[in-house]
Amino acid sequence: MELIRLTDRVLLYPFEKERDRPTLGYIRGDRMSLAVDAGHSEAHIREFYDVLRKESLPLPSLTVLTHWHWDHTFAMHAANGICISGRKTAQHLSDFRREIETKGTEFFFSLDDSIRKEYAGGMPVIITLPDIVFDESLTIDLGNCRIQLMTAESPHTDDSVIVFAESEKVLFLGDAAGGVFPTWEKDPQLCHRLARTIETIDAEICVESHHTPASREETITDLLSE
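Position 224 of the sequence shown, counting from 1, maps to 246 under this note's numbering, and the rest follow consecutively.
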């Protein structure tokens, strides 16, 4: 799989449906680069890094998590540099790690067929916690490329973090616009609150983790239609 160049500084490693792998974002500043989400497993993040090396791009110094779900976070132990999340995300990961330790990995594999496919062949399940946690918001300057991390109300989870690359006008939503696992039902009120949040951000492109990028207007319209 190849990288997709969205802007001069923003590239995407595309999502895959079969193993429910999300899009991994890559934002390059003049001093540092940042990844949006760590990925589903060590195999996933290694493939991402191999493509970066092939394109002579530096591995990300920072990795930001959009929420706690396994397909976005369970490769964190293999991530280069520092991992950052919202405080609720770190707590959910800690709780889920304890649950797997208590119930065993078969409990985790039973959640979805995509998980069993991702971990086929006996790959170990390793859950680590982020190096840095924040409350509400955090701004990072990658070098002439300012990134805003913001917690947001979402119909998907209660720990959603959205990532805005200001100069590129690209907003990473993670799965924030999606429904609740495993029914995928959406609370219309939370959809509307997320839409109002997006309206306050000067983005042109919105990137959802399991969909192709869309315009800000299209994303808001979809949320308000719920």
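Just so you know, even glycine gets a beta-carbon here, dropped at the ideal spot from N, CA and C.
Here the structure is a predicted model, which is why all the values come from computation and not from measurement.
Quick check on DSSP: helix, strand or coil for residue i?
| i | result |
| --- | --- |
| Asp117 | helix |
| Cys105 | strand |
| Asp163 | strand |
| Met172 | strand |
| Ala225 | coil |
| Arg215 | helix |
| Glu123 | helix |
| Arg138 | helix |
| Glu207 | strand |
| Leu245 | helix |
On the DSSP bridge assignment, give the partners of residue i in chain order.
| i | result |
| --- | --- |
| Gly196 | Glu230 |
| Phe156 | Gly108 |
| Val32 | Ile49 |
| Ser237 | Ile227 |
| Ile26 | Leu34 |
| Ile148 | Per DSSP, none; premise fails for Ile148. |
| Ile184 | Met172 |
| Ser55 | Arg50 |
| Arg43 | Glu38 |
Might you give, ordered along the chain, the residues of its own chain that have their beta carbon closer than 7 Å to the beta carbon of residue i, omitting 5 neighbours on each side?
| i | result |
| --- | --- |
| Ser176 | Ser182, Ala198, Leu212, Leu216 |
| Thr251 | Because the chain is modelled from 23 through 248, residue 251 falls outside the range shown and cannot be assessed. |
| Leu115 | Trp90, Thr95, Ile149, Leu151 |
| Gly108 | Val155, Phe156, Thr173, Asp181, Val183 |
| Ile242 | Ala217, Ile220, Glu221 |
| Leu33 | Leu25, Ile26, Arg27, Tyr48 |
| Pro36 | Met23, Ile26, Thr45 |
| Glu77 | Leu25 |
Keeping to the same chain, check which residues put their C-beta closer than 6 Å to that of residue i; ignore five residues upstream and five downstream.
| i | result |
| --- | --- |
| Phe131 | Ile137, Arg138 |
| Ile227 | Val192, Pro235 |
| Glu188 | Arg168 |
| Pro210 | Glu248 |
| Asn166 | Asp52 |
| Met54 | Ser83, Leu164 |
| Met98 | Ala60, Cys105, Thr150 |
Residues in the same chain with beta-carbon distance under 8 Å from residue i, minus the five sequence neighbours each way, listed in chain order, please.
| i | result |
| --- | --- |
| Met145 | Ser63, Glu64, Ala65 |
| Leu246 | Cys213, His214, Ala217 |
| Ile122 | Phe129, Phe130, Val147, Ile149 |
| Ile4 | Because the chain spans 23 through 248 in this model, residue 4 falls outside it and cannot be assessed. |
What I want to know is whether the C-beta of residue i ends up closer than 7 Å to one or more non-hydrogen atoms of the ligand FAD.
| i | result |
| --- | --- |
| Ser189 | Looking at this structure, you won't find the ligand FAD or any other ligand, since it has none at all. |
Give a yes or no on whether the minimum CB-CB distance between residue i and chain D is below 8 Å.
| i | result |
| --- | --- |
| Glu158 | Given the protein chain composition of this structure (a single chain), no chain D is represented. |
> What are the start and end residues of each continuous alpha helix (DSSP H) run of 4 or more residues lying completely inside the region 61–94, in chain order?
Replying inline: 64–76
> Are three or more beta carbon pairs between the region 217–226 and the region 115–131 nearer than 8 Å?
Replying inline: Because the criterion of three Cβ pairs below 8 Å is not met, the region 217–226 and the region 115–131 do not touch.
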